[in-house]
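Trainee:
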Amino acid sequence: MQGIGFLTVAASPWLIGWLRDAGGGFATAWWMHLGVIAAMAALNAVFSPAGYRHGMARITGAAR
Numbered sequence: 000m001q002g003i004g005f006l007t008v009a010a011s012p013w014l015i016g017w018l019r020d021a022g023g024g025f026a027t028a029w030w031m032h033l034g035v036i037a038a039m040a041a042l043n044a045v046f047s048p049a050g051y052r053h054g055m056a057r058i059t060g061a062a063r
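Anchor point for the sequence shown: position 38 equals 37 in numbering that gives the first Met the number 0, and the numbering is continuous, going up by one each time.
The following block contains the structure:
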């Protein structure tokens, strides 16, 4: 898990530089950044520990 995170962090400067060169400024990079934040917020809501009991009960067929 950490390896994927480290690779992502290491690749970001090149990605941001490429987006700056392609778009002529940093606006595209900022929009990408906001998109990643929105995706992480959605994943955080979907995989919230508060929903584990309900999700596991549905999978195992256990009653609440």
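The beta-carbon is built from N, C-alpha and C at its ideal position, and this holds for glycine as well.
Buried or exposed for L18, going by 16 or more other Cβ atoms inside 10 Å?
Mentor: buried
Trainee: Could you tell me the boundaries of the alpha helix (DSSP H) in which A44 lies?
Mentor: Element bounds for A44: 26-45.
Trainee: So what's M55 in DSSP terms, helix, strand or just coil?
Mentor: helix
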